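Reviewing the structure listed below.
Residue numbers (the numbering used here): 2 to 472.
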């Protein structure tokens with residue numbers, strides 16, 4: 002079996018602990034909080050500068066300790082040679098989890114390209130909101146919860162992320178193995194922006210010209226980020242492994258592309274859904290079901306990809322001041338709304354201020370709100386994004402990194418979070434820190450040692466991350 006390697010960052014958001022068995026009912030949901038784990042998985046054979054940025058941004062934003070998997074090239078596929086280790090090692094980790102963790106939430110992030118911006122509560126809320134919209138679309142198509150030949154109901158629970166806003170390019174492409182480019186479902190961005198109200202592309206403000214010629218909205222999958230429940234991700238990744246084993250060809254130019262195989266499995270799901278929608282019987286006539294509950298976040302509500310998206314990405318505050326390299330005239334050309342009139346959504350305004358109890362040069366920043374700090378924002382949707390996924394040259398992240406809201410306060414944030422964590426765990430030694438409360442569920446940190454097969458290494462192995470020592 003592949004070896005799962007875990008590392009604890011030791012820096013978490015404010016600790017809140019699950020209620021005792023006799024906890025009072027939740028005021029909105031009428032019952033005590035449920036508890037689920039939140040796993041942040043980072044497949045990487047080593048740690049480089051961008052990996053350190055991911056770890057720091059996760060800690061500053063209050064995410065659980067990331068778990069590094071595939072460390073040192075261990076596992077079925079050597080991560081130093083092939084991206085396929087992201088599939089095998091993630092699956093190996095998920096297999097170590099107990100049955101009670103089946104409904105835990107997993108975030109899979111590319112270590113060389115992802116940085117977190119907003120707290121996990123925002124990410125999780127938007128995940129459920131997006132999944133709800135996806136399932137409403139399935140209901141319109143009259144296939145929601147209809148069962149394939151193996152009895153698995155059609156629904157969405159796993160979110161992959163699109164190739165880019167407005168690009169018509171599907172990657173990787175191959176004349177013989179490119180079925181995933183043919184079966185990509187249409188973008189639902191129109192429905193997202195109109196809150197579920199249908200609009201014809203010809204009259205919608207987000208018609209083709211906003212993205213440029215030959216583009217009809219984002220719809221192509223990118224495998225660099227993924228979120229979903231343990232039980233469904235485990236089944237999806239097993240199907241991807243089966244596809245790799247069945248189709249791997251040394252002559253295929255993209256044989257080591259995890260994105261190719263994930264997109265292929267997703268395309269088979271969409272092909273079966275199309276068949277099911279056109280078939281009046283309850284089941285599809287094929288021998289195998291390819292329903293894996295996979296959907297794509299067309300609106301970039303969770304992860305914003307950089308490729309082809311720079312005209313629609315701006316770093317701004319929501320107190321009506323805008324910053325960026327492009328002029329207001331250039332931005333308005335691509336934006337149907339007025340940026341200076343945008344306001345933060347309730348998923349951000351309801352959060353604790355970004356600098357709680359964190360002094361800066363002897364003065365308190367406790368009154369600074371999320372509207373007062375510069376946030377990377379998708380100008381098409383008008384929303385600040387929880388995470389930024391750089392799919393271009395590293396220089397793009399080099400330019401964006403200094404704009405992250407926690408700069409230059411990272412050390413102070415980590416010290417404050419560590420102090421709260423130590424103070425809390427000294428009273429509750431066996432409790433897990435709660436990083437988000439969403440829909441009556443408390444999402445807690447999950448440590449690598451919870452698995453049955455792992456090899457942990459000390460934080461000194463992260464010596465390249467010089468900022469990680471904040472004492």
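All C-beta atoms, glycine included, are put in the ideal place defined by N, C-alpha and C. These numbers were taken from a predicted model, which means no experiment stands behind them.
(message) Using the three-state DSSP reduction, which class does residue 261 fall into: helix, strand or coil?
(response) helix
(request) Return the CA-CA distance between residue 45 and residue 62, expressed in angstroms with no decimal places. (result) 21 Å
(message) Quick check on DSSP: helix, strand or coil for residue 374?
(response) For residue 374, the three-state secondary structure derived from DSSP is coil.
(request) Between the Cα of residue 69 and those of 84, 42, 53, spot the shortest distance and give me the residue it belongs to. (result) 42
(message) If contacts are defined as beta-carbon pairs under 8 Å, then residue 442 and residue 35 qualify, I think. What distance do you get, rounded to the angstrom?
(response) 5 Å
(request) Report yes if the C-beta distance between residue 98 and residue 231 is below 9 Å; otherwise report no. (result) yes
(message) Does residue 8 come out as helix, strand or coil in the three-state DSSP assignment?
(response) The predicted model places residue 8 with a pLDDT of 32, which falls under 50 and marks its position as unreliable; any figure quoted below should be read in that light. Note: residue 8 maps to coil in three-state DSSP.
(message) Considering Cα atoms alone, identify which of 408, 351, 65, 439 is closest to residue 477.
(response) This structure does not reach residue 477, given that the chain is present from 2 up to 472, and the question cannot be answered.
(message) Under DSSP, the alpha helix (DSSP H) around residue 86 begins and ends at which residues?
(response) 86-97
(request) Measure the C-alpha to C-alpha separation of residue 91 and residue 144 and round it to an integer number of angstroms. (result) 30 Å
(message) Quick check on DSSP: helix, strand or coil for residue 38?
(response) strand
(request) Look up residue 379 in the DSSP assignment and say whether it is helix, strand or coil. (result) Residue state, collapsed to three classes: strand.
(message) Measuring straight from C-alpha to C-alpha, what distance separates residue 440 and residue 67?
(response) 23 Å
(message) For residue 389, list the residues DSSP reports as bridge partners.
(response) Its beta-bridge partners are 116, 305.
(request) Could you pull out every residue in the same chain whose Cβ sits closer than 7 Å to the Cβ of residue 355, ignoring the five residues on either side in sequence? (result) So the list reads 369, 371, 374, 406, once near-sequence residues are dropped.
(request) Out of 117, 438, 387, point me to the one whose CA is closest to residue 300's CA. (result) 387
(message) To the nearest angstrom, how far is the alpha carbon of residue 87 from that of residue 296?
(response) 19 Å
(request) Let me know the secondary structure DSSP gives residue 224 once reduced to three states. (result) strand
(message) Measuring only the C-alpha atoms, how far is residue 240 from residue 412?
(response) Distance from the CA of residue 240 to the CA of residue 412, rounded to the nearest whole angstrom, comes to 42 Å.
(request) Return yes when the Cβ of residue 121 is within less than 9 Å of the Cβ of residue 417, no when it is not. (result) no
(message) Rounded to the nearest angstrom, what separates residue 128 and residue 249 at their Cα positions?
(response) 33 Å
(message) I'd like to check one pair, residue 237 with residue 294: are the Cβ atoms closer than 9 Å?
(response) yes
(request) Count the other CB atoms, across all protein chains shown, that sit within 10 Å of the CB of residue 434; report buried if there are 16 or more and exposed otherwise. (result) The residue in question, residue 434, is buried, as its Cβ has 16 or more Cβ neighbours within 10 Å.
(message) Once the 5 residues before and after residue 244 are set aside, which same chain residues still bring their CB inside 8 Å of it?
(response) Result list for residue 244: 262, 265, 266, in chain order.
(message) Considering Cα atoms alone, identify which of 123, 52, 227, 50 is closest to residue 350.
(response) 123
(request) Give the single residue among 247, 256, 104 whose Cα lies nearest to the Cα of residue 82. (result) 256
(request) For residue 302, collect the residues of the same chain with a Cβ closer than 6 Å to its Cβ; drop the 5 residues on either side in sequence, then sort them by chain order. (result) Within the same chain, 127, 131 come within 6 Å of residue 302 by CB-CB distance, once the 5 residues on both sides are set aside.
(message) According to DSSP, simplified to helix, strand and coil, what is residue 124?
(response) helix
(request) Could you tell me whether the Cβ atoms of residue 40 and residue 119 are closer together than 9 Å? (result) no
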